[in-house]
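According to mature numbering (1 follows the signal peptide of the UniProt record, and there is no 0), the sequence shown holds residues -24 to -1, 1 to 1068 in order. Backbone N, C-alpha and C fix where the C-beta goes; we use that ideal spot for every residue, glycine too.
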Amino acid sequence: MVQFDWALFLLRCGFLTASPSADAALDSLAYLTTHPGPLERPAAGQELCISPPSERDPYWSDVLERYLHQFPLLPRVLTRTKLGDVPLHSCSLYLLFEPYSQARQVFLRIQFLSSNGNWNAAARFAVMINSRSSTREIFNQFENFDLMGVQHGLVLMSVPEHNRTFTLMADCPQKTMDYVMEVDDMPEFLANRSAQGLRGQSIVIPRRAEFPFLFPDGLKIDGVYYKFFTAFARKYKGRVVFQNHKVLIVLTIHNRETLVKPYAIGSFTGNCLLVPEKPKEGLIHFLLSPFSSPVWYLCCCFVAATFLLNWRCSLTFQNNILLTVLFGDQAAETRYTLPERRLIFIAVVILFFFSESYSAKLLSTFIESLNQPRIRTIQALAASDIPIGVLHFEQVEAYEQLHHNLLVLDEPDYDRNMREGRNAFLLQCGNAENFLHREMRDQPGKFRVPYYILDEFLGWQMNGFSVSKFAPVAVELVEFIGLIGQAGLWEYWREQYIQRLRNIARRELSQRETLELRDLISLQYVLTSHHGKATMRVKVFLYLLAILVEPSRAPTTAVKSLIHITTGMDKIETPSARYELCLLVHTTDFYWNSVVDMYLQHFSNYPRVFLNSLTPHMQLHRCSIYLIVAPNIEGAQLFSFLQLVSFARNWNQAANFIIAINDRPTLASLVNIFRAFPPLGVRNVAVLRRHRQQTVDTLVSDYRSDRIFVTESSPEHRFLLTQDRNRNLQRNPVNIKTIMQFPFLLATKEGIVGVYRWFFVAFANHVNAVALFVRERNTTRYEIALHIYPNVSSLKPVSFGSFSGDCMVIPEVSRKGLFYFLLIPFSLPVWILCCLLVVLAFLLNWRLSQHFPNALLPTILFGDQVSLLRYTVTERRLLTVGSVLLFVFTESYWAKLHSLFMMSLNEPQLRTIEQFLQTDIPLEVVHRDASFYYQDLHGRRELTVSKKDDMLDNVRSGRCALLLPCSNAQLLLHMLLNVKPDVYRVPYYILEQHVQSHLDGFSVFQYSPIADQLLHFVGNVQQAGLPIFWRSFYLVQLERITKSRFVTQETLHWAEIASLMYVLLLGHTLATMVFVLEVMSRKIRYLSVLFM
């Protein structure tokens, strides 16, 4: 039934000036539009997604019409039509006009909207309905929001008979509902709802073992993910549950699923193979192995012979021969007889050779057993007889080299084989390390065979987890992941658990307990705390005494300035533990000591670190504020000190630096204080200067000149104390060292294009800078290198979220010429034999014309040549032999020729790097640095490091193989070589095996002030999916070129036609020569008969 509004009817008739119910609904929608959600405001204002009401509802149609007139400039999308994957901005406000629809119909409407590419569950949803008779019907509308993961959902219910429009919100777990009727109550109403967070909702996470991220530790669960989700639930007022059903978060990244969103945490892992060690042979084996069985038989025969001689010939051999040979002289009173001496001499010589050879062989056997090499590579494991056991075939489905000797086991057999060491196992690398160093150590009698981890890994993947598309915690997770990543807690938590395994492994190697560095650090903490307490007592006493004596000199101005900077500074994020204070107090001045004491008392809950006793390798949170109290420090000394502090792991050049100094006699010495910071990438600097009159002023600099401003007398510069100046580079250039890498950066006639150009231009606009793409190396602190250098400590890597590799472009082997194929079927002796037979035929027709009046060669080749004369008996016999020889020669020639043509057409190309190393093709690279990365590729061949012009000449002539990034190789192959076949005459192909894979990204200078801004901007761009969109834009163009190449490829080339013409020309030439020879032979025969 259509809802009738008398006020609206009278308004249309001109009797009233407004409808109270419609005005209330319009005011509520206007407030929701002008006050967006708590997360972010879109760049172009609110992105409206509107599902309009039907035409037969005049009330809500009038409200919508007035609303659109009020906000005409906001982008809007009508969601009645299916948008699919149309690239649009994500919606920030959904307006669903469903006045008559039931809750089930509204749910289908929201489910339909979730299939569009601009779906945003974090947006605010407003469902407009008419009045309902029961509370249950209204509450069913809110259950739709929970099912679709919508946290900010409202219902606007119009009741025209009471001239009201109610704005309702509900808490589905608590089964409660609240409402407001006036727009003035909306701010408090929405703020109370936002403060409730997740309202105790369960965050269900599956129980799985993946060290160090999630693993059982006794009766509890521990790991990086446990710490993360526990902190997440505490911050957003949720509850963490670990169970294997009804999960919303899967602890792995699924790229192929459309109903989950992957979130990477910035590290990598892989699968490792756990291989049992081969058991050593027993002692008896080693003692018997030096001699073979015949040698042992010979030794036994020697021993038996000595016993027989002592027994049977006791008169001749009175002394024990065996004991004499083994242990020396056995004759006490009697002397050895002559036969005894001779026999003992021979036996000693034989014993010498046997003992030396036995000792040498036994020693080499022991050394070989101790140094027996373990299996190092997957190829060696596949070649061995050790099977690989898995629970599911999907674990190794992608690794064909492991399918050779694979066992798919049930869980009981899997555990039993692991205890007994019957086969190797495929585990996640963290679980393998944990099993090897922890589980086997805690349960020494459970596992009979020791294991070791294969050096070569499998299946590298990014660490992270996937969240359901309709999870109610997806938006909060994105925000909290960024906060944890910015604070460096992912690496800190992971390093805690990895360090435990390292300590266990270290104890396994040493097998003894010693005093470690952390014990000494703990002792230093105890000593520092005692000294600190004693020092604080003395300082408090002196401070109270100074206040009693001279209360007028209390440093309130300096403390107020410090508090103003600390509480008002603008950062990318607020650390989870508030601000990390890093302090250096290098003075005994009572004034500055009292300032520091009052400052620390005001921020007593903030974590603090004293830089005086900081060690470089200590793992601490990054500093948010540096307070350096050094009244008499100079600029050079300050720079040296900051350089030492930057070596610590908690260094943060994006923090706020506050320097407390005394007054300086000259302006130059004050300027030098500010000059110490820009070389280290520090821009947020404030200097507290104390005058002799005990007054303090705060100084800042603009860094574009040596001008210094006093913030107390310059209000326009006071905002620089709390502003994050890294967000505004004041149009300074950001230099990007250009390299050719498709599709990230390309130099064309129109200029620089590519993914990186889009990214860095947007980043430069974001930080108010200028992006300059340069070729020459520049060592400024704003320079960015478009490559990740993991071994260069002065550069910070920034991953762009994708992988690439280096490929080899190899010229195809040129085909042999036609004459090569025509001559190659017969060897040189066979061709000489054929020539001799031809010459013999001519000689017989010339010298013995009376016996051979007919031409022998044409008769054999082309058949009967006799017109009037008949063949003689000798001719017939010779022609029979010649025909047989011709048949054998022609059949073998054509068979060999066909096989050579087929072999040439089907000649295989190179597939692997090992095959390339066996060739003599020279390798060419553009940069000399590649010679250090790929030494194995040019160890046995010439390496060419050429310039760009020389490289293009070599490509045109096909002289060398090229080592290029795989994307550049595709561009070279499909765009240059095939678009201009007349210039690049030699075809190329890409080696299927990649040389090396690496992350796409860039490196920024260690002391660059834009490092944190750049990392934060990369995260925003990746969350928006822009790198994939930019990259696909250029890949589609390359695919079009590739497809057009296959469509327009010619099936018959001129070279092939020319080859056929060569065959025809050769046939005509041979036929002409035979005809001329035949005519000449007849003339010669006729002349010879005439003159005879």
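Shortest Cα-Cα distance from residue 636 to any of 676, 642, 860 and 751 involves 676. Rounded to the nearest angstrom, the Cβ distance from residue 209 to residue 181 is 10 Å, too far for a contact under 8 Å. Per DSSP, the unbroken beta strand (DSSP E) holding residue 436 starts and ends at 434 to 444. Measuring C-alpha to C-alpha distances from residue 573 to each of 150, 871 and 605 identifies 605 as the nearest. Boundaries of the alpha helix (DSSP H) harbouring residue 544: 532 to 544, taken from the DSSP string. Within 10 angstroms of the beta-carbon of residue 719 lie 16 or more other beta-carbons, which makes it buried.
Pairwise C-beta distances place the stretch 113 to 128 in contact with the stretch 434 to 448, as three or more of them are shorter than 8 Å.
Within 10 angstroms of the beta-carbon of residue 772 lie 16 or more other beta-carbons, which makes it buried.
Annotation for residue 407: no beta strand (DSSP E) segment contains it, though the alpha helix (DSSP H) segment containing it runs 405 to 410. The beta carbons of residue 454 and residue 999 sit about 7 Å from each other, so the pair counts as a contact at 8 Å. Note on the stretch 363 to 431: whole beta strand (DSSP E) runs with a minimum of 3 residues are 364 to 366, 382 to 384, 400 to 404 and 427 to 429, in chain order. Scanning 293, 303 and 329 for the CA closest to the CA of residue 318 turns up 293.
An exposed status is given to residue 436, since fewer than 16 other beta-carbon atoms sit within 10 Å of its beta-carbon. Under the three-state reduction of DSSP, residue 964 is assigned to strand. Annotated as proximal: residue 320 and residue 300, with beta-carbon spacing under 7 Å.
Annotation: the continuous beta strand (DSSP E) that includes residue 783 extends over 771 to 787. As DSSP reads the structure, residue 718 sits in no beta bridge. Distances from the alpha-carbon of residue 463 to those of 77, 627, 855 and 950 put 627 closest. Distance from the CA atom of residue 775 to the CA atom of residue 994, rounded to whole angstroms, is 8 Å. DSSP places residue 178 within a strand segment (E or B) once states are collapsed to three. Classified as buried, residue 186 has 16 or more neighbouring CB atoms from the shown chains inside 10 Å of its CB.
In the three-state reduction of the DSSP assignment, residue 584 falls in the strand class. When secondary structure is reduced to three states using DSSP, residue 73 falls in the strand class. Per DSSP, residue 602 is one residue of the beta strand (DSSP E) stretching across 601 to 605.
A straight line joining the alpha-carbon of residue 698 with that of residue 468 spans about 29 Å. By the Cβ rule, the stretch 673 to 688 does not count as touching the stretch 719 to 733, because fewer than three pairs are nearer than 8 Å. The stretch 68 to 79 makes contact with the stretch 97 to 114: 3 or more CB pairs, one atom from each, lie closer than 8 Å. In the three-state reduction of the DSSP assignment, residue 974 falls in the strand class, which pools E and B. Residue 146 is a Cβ neighbour of residue 118, given a cutoff of 7 Å. Between residue 761 and residue 943, the gap from beta carbon to beta carbon reaches 7 Å or more. Under DSSP, residue 1052 forms no beta bridge with any residue.
Judged by DSSP secondary structure, residue 210 falls within the alpha helix (DSSP H) whose first and last residues are 200 to 212. DSSP links residue 102 through a beta bridge to 71 and 130. Within the same chain, 424 and 425 come within 8 Å of residue 396 by CB-CB distance, once the 5 residues on both sides are set aside. Under the criterion of beta carbons closer than 8 Å, residue 541 and residue 662 qualify as touching, at roughly 6 Å. Each of 407, 537 and 532 was checked against the Cα of residue 477, and the nearest Cα belongs to 407.
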